[in-house]
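Take a look at the structure set out below.
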Amino acid sequence: MIINWLSTFGRYLMLMGRTFSVPERFRMFWKQYVKEMAQLGVDSIGIVLLISFFIGAVICIQMKMNIESPWMPRWVAGYTTREIMLLEFSSSIMCLILAGKVGSNIASEIGTMRVTQQIDALDIMGVNSASYLILPKIIGLLTIMPFLVIFSSTMGIIGAYGTAYIGHIMAPDDLTLGLQHNFAPWFLWMSIIKSQFFAFIISSVPAFFGYTVEGGSVDVGKASTDAVVCSSVLILFSDVFLTQLLS
Numbered sequence: 007m008i009i010n011w012l013s014t015f016g017r018y019l020m021l022m023g024r025t026f027s028v029p030e031r032f033r034m035f036w037k038q039y040v041k042e043m044a045q046l047g048v049d050s051i052g053i054v055l056l057i058s059f060f061i062g063a064v065i066c067i068q069m070k071m072n073i074e075s076p077w078m079p080r081w082v083a084g085y086t087t088r089e090i091m092l093l094e095f096s097s098s099i100m101c102l103i104l105a106g107k108v109g110s111n112i113a114s115e116i117g118t119m120r121v122t123q124q125i126d127a128l129d130i131m132g133v134n135s136a137s138y139l140i141l142p143k144i145i146g147l148l149t150i151m152p153f154l155v156i157f158s159s160t161m162g163i164i165g166a167y168g169t170a171y172i173g174h175i176m177a178p179d180d181l182t183l184g185l186q187h188n189f190a191p192w193f194l195w196m197s198i199i200k201s202q203f204f205a206f207i208i209s210s211v212p213a214f215f216g217y218t219v220e221g222g223s224v225d226v227g228k229a230s231t232d233a234v235v236c237s238s239v240l241i242l243f244s245d246v247f248l249t250q251l252l253s
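Going by this note's numbering, the sequence shown opens with residue 7, and the numbers climb by one from there.
See the structure below:
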């Protein structure tokens with residue numbers, strides 16, 4: 007089993023070596039880059055905002071209901087909501103969600119091109135198919151990911167305010183005080199840096215599974231599932247090391 011993992015990792019590194027080469031036609035690369043940035047990133051903004059809003063609201067409610075104590079300041083719920091959204095949800099958990107949406111999309115798209123021999127046709131024409139298909143996806147997702155992190159954090163805070171104004175869980179002034187208490191700008195940068203590593207995993211690992219798939223449509227579906235599982239596990243592992251390294 008270890009030999010199979012090492013072999014797969016070696017094939018992945020070889021594919022990435024082919025991927026990160028100078029584009030043959032920058033005009034075509036730019037067109038693909040903009041297309042992938044819109045397809046992978048912009049089209050994911052809706053689901054990111056929706057999930058972040060409700061997660062921010064739920065975190066605020068849970069913190070207020072479960073850590074409420076006469077010995078604690080009233081702004082603790084707002085403080086913990088901000089820390090959870092910045093440190094974990096807006097980077098790690100959001101990227102796990104995107105691994106299911108974006109990763110399966112990438113794996114199925116490239117896998118379908120592989121089984122229908124479109125990639126073979128590109129290779130026959132002398133085109134570096136790895137760079138042509140995969141590089142715009144990686145660069146596009148790396149570009150849009152910091153914006154998704156900022157949108158997620160902002161919408162989570164808006165969700166927390168929704169519980170304060172609509173649900174009357176806590177006073178908005180207490181929530182504001184907690185959000186402003188001892189704010190460290192580095193936490194936002196740490197979230198963005200972590201998301202860049204996760205974005206690379208989300209875009210490159212499913213691309214590898216799709217590019218190396220063999221068989222028919224059933225194998226494409228299996229490759230998509232394996233890509234999502236592998237990406238999620240790698241995100242969780244890297245989250246542990248990145249958090250320890252950046253903290």
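We put the CB at the ideal spot given by N, CA and C, even for glycine.
Remember, predicted model here, so these are calculated numbers, not experimental data.
Distance, residue j Cα to residue i Cα
i, j, result
"Leu254", "Pro76", "Nothing can be reported for residue 254: it is not among the residues displayed for the chain, which extend from 7 to 253."
"Lys70", "Lys107", "32 Å"
"Ile67", "Ile175", "7 Å"
"Ile172", "Ser158", "20 Å"
"Ser238", "Ile9", "22 Å"
"Asp245", "Ala127", "39 Å"
"Ile207", "Gly16", "16 Å"
"Gly117", "Asp129", "15 Å"
"Ala177", "Ile53", "28 Å"
"Arg31", "Thr14", "30 Å"
"Ser114", "Ala170", "42 Å"
"Tyr167", "Met161", "10 Å"
"Val40", "Phe243", "30 Å"
Residue i vs residue j beta-carbon contact at 8 Å
i, j, result
"Ser223", "Val121", "yes"
"Ile140", "Ala213", "yes"
"Lys143", "Ser209", "yes"
"Ile163", "Arg88", "yes"
"Ile125", "Met119", "yes"
Contacting residues, own chain, Cβ-Cβ under 7 Å from residue i (five flanking each side not counted)
i, result
"Ser27", "Asn134 and Ser137"
"Leu21", "Ala136, Phe214 and Tyr217"
"Gln202", "Leu148 and Met151"
"Ile112", "Lys143, Ser209, Pro212, Ala213 and Gly216"
"Val226", "Ser114, Gly117, Thr118, Val121 and Val219"
Contact set for residue i: own chain, Cβ-Cβ below 8 Å, skip 5 residues either direction
i, result
"Arg24", "Asn134, Ala136 and Ser137"
"Val211", "Tyr18, Gly109, Ala233, Cys236, Ser237 and Leu240"
"Val82", "Met69, Ile73 and Gly184"
Presumed contact (8 Å Cβ cut-off) between residue i and residue j, rounded CB distance
i, j, result
"Gly146", "Leu46", "6 Å"
"Val234", "Ala105", "6 Å"
"Ile103", "Ile57", "6 Å"
Neighbourhood of residue i by C-beta distance below 6 Å, restricted to the same chain and skipping five residues each side
i, result
"Gly84", "Leu181, Gly184 and Leu185"
"Ile51", "none"
"Pro29", "Phe35"
"Met196", "Leu252"
"Thr86", "Met69"
Under 8 Å, with one C-beta from each stretch per pair, do the region 237–253 and the region 152–160 reach the 3-pair mark? no
Would you check if the region 82–95 and the region 188–198 touch, i.e. whether three or more CB-CB distances between them fall below 8 Å? yes
Closer than 8 Å is the cut-off here; do at least three beta carbon pairs connect the region 95–103 with the region 53–66? yes
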